[in-house]
Amino acid sequence: NPTLDAPLAEAWIRALAAAVDAHQRELTDLDSAIGDGDHGSNLHRGFTAVLAVLDSPEDPPEPADAGAVLGRTGRTLISKVGGASGPLYGSAFRAMGAALPPSPATPAEFAGALAAGLAAVRQLGGAGPGDKTLVDAYAPALAAFEQAVAAGAGLARAAEAAAEAAEQGMRATTPLQARKGRASYLGPRSIGHQDPGATSTALLFRTLADVTG
Ligand code: ADP
Ligand code: MG
Ligand code: MG
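Start counting at 1 in the sequence shown, then tack on 26, and there's your number in full-length UniProt numbering.
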């Protein structure tokens, strides 16, 4: 049963970058319906920069631990993505990185890091459950991850539970009226469309399940 070490963290981020690339059009189309049509391109730009950073040697050298990988990911997203999603995801990864121990993280330690990531999103964006944002995928995914770990699951099973919960939360954003972000400007016209950020958060947890499973 794997722990979260630097190679696994890097594999996760690379898989997420590939998923963003594969789903760029879908994310942009969703954002065209209730936002400004840039969610796919925002994340694509951000993760292209993240890959370049992961491929380049660190200066000054950082210890090869999972927290450093996620911290670099977060800082790069914050600096390269202008849209709401860059600072939000960037803060989440930065907070996850800061919460991880220098040694490979146990499933319980990783649950704590995921919780720190959600706390950072909520502190920055002020969205709660039901506001039709990425929180509606992240919060149930975190709850499922924590519940699985408390029941004795390893990283792979906890990540699979989180991915399924994120996908369910993503689909459940469709009937909601947006109360945060650009989609909220549409008022009731935001109803009937799946939230783009909840969709990319489902990719985040699906790729975690893919690399740990
Ligand atoms: P922008 O809205 O600046 O164009 P993106 O299109 O990249 O940025 O991201 C839009 C997504 O960001 C939304 O679908 C939503 O999930 C998420 N989002 C927007 N505002 C918030 C917020 N305050 N809290 C949490 N998530 C938010
Ligand atoms: Mg947008
Ligand atoms: Mg925008």
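Each residue gets a CB set at the ideal place from its N, CA and C atoms; glycine is no exception.
It should be emphasised that the depicted structure is a prediction, and the values quoted were computed from it without experimental measurement.
Alpha helix (DSSP H) containing residue i: first to last residue?
i    : result
P33  : A32 to A48
T227 : P222 to T238
Straight-line CA distance for residue i to residue j?
i           : j    : result
G143        : F136 : 10 angstroms
V147        : L77  : 22 angstroms
residue 245 : L160 : There is no way to answer for residue 245, as the model of the chain reaches only from 27 to 239.
residue 240 : P89  : The chain is shown only over 27 to 239; residue 240 falls outside these bounds and no answer can be derived.
G178        : A43  : 30 angstroms
L140        : P166 : 12 angstroms
R183        : G138 : 16 angstroms
S117        : T200 : 25 angstroms
L69         : P222 : 11 angstroms
G154        : R205 : 9 angstroms
S67         : Y115 : 14 angstroms
G63         : L229 : 18 angstroms
R215        : T54  : 18 angstroms
S129        : T29  : 9 angstroms
Q50         : H65  : 8 angstroms
I60         : R208 : 8 angstroms
V175        : A48  : 30 angstroms
L202        : W38  : 30 angstroms
E186        : G112 : 25 angstroms
L103        : G72  : 5 angstroms
E190        : Q173 : 13 angstroms
L34         : P127 : 15 angstroms
K106        : V46  : 15 angstroms
E52         : D157 : 21 angstroms
A75         : P86  : 19 angstroms
Does the distance between the C-beta of residue i and the nearest non-hydrogen atom of ligand 4 fall short of 6 angstroms?
i   : result
D62 : Absence of ligand 4 is noted for the structure shown, with ligand 1, ligand 2 and ligand 3 being the only ligands found.
Self-check item: Entirely enclosed beta strand (DSSP E) segments - the region 79-135, minimum 3 residues
Solution: The region 79-135 contains no whole beta strand (DSSP E) run of 3 or more residues.
Quiz item: What are the start and end residues of each continuous beta strand (DSSP E) run of 3 or more residues lying completely inside the region 157-189, in chain order?
Solution: The qualifying runs do not exist here; there are none.
Practice problem: Say whether the region 121-131 touches the region 80-98, bearing in mind that this needs 3 or more beta-carbon pairs closer than 8 angstroms, one atom from each stretch. | Solution: With a cut-off of 8 angstroms, the region 80-98 and the region 121-131 count as touching, because enough Cβ pairs lie within range.
Quiz item: Quick check: the region 191-202 against the region 156-176, are there 3 or more CB pairs under 8 angstroms?
Solution: Yes, since at least three Cβ pairs between the region 191-202 and the region 156-176 fall closer than 8 angstroms, the two stretches touch.
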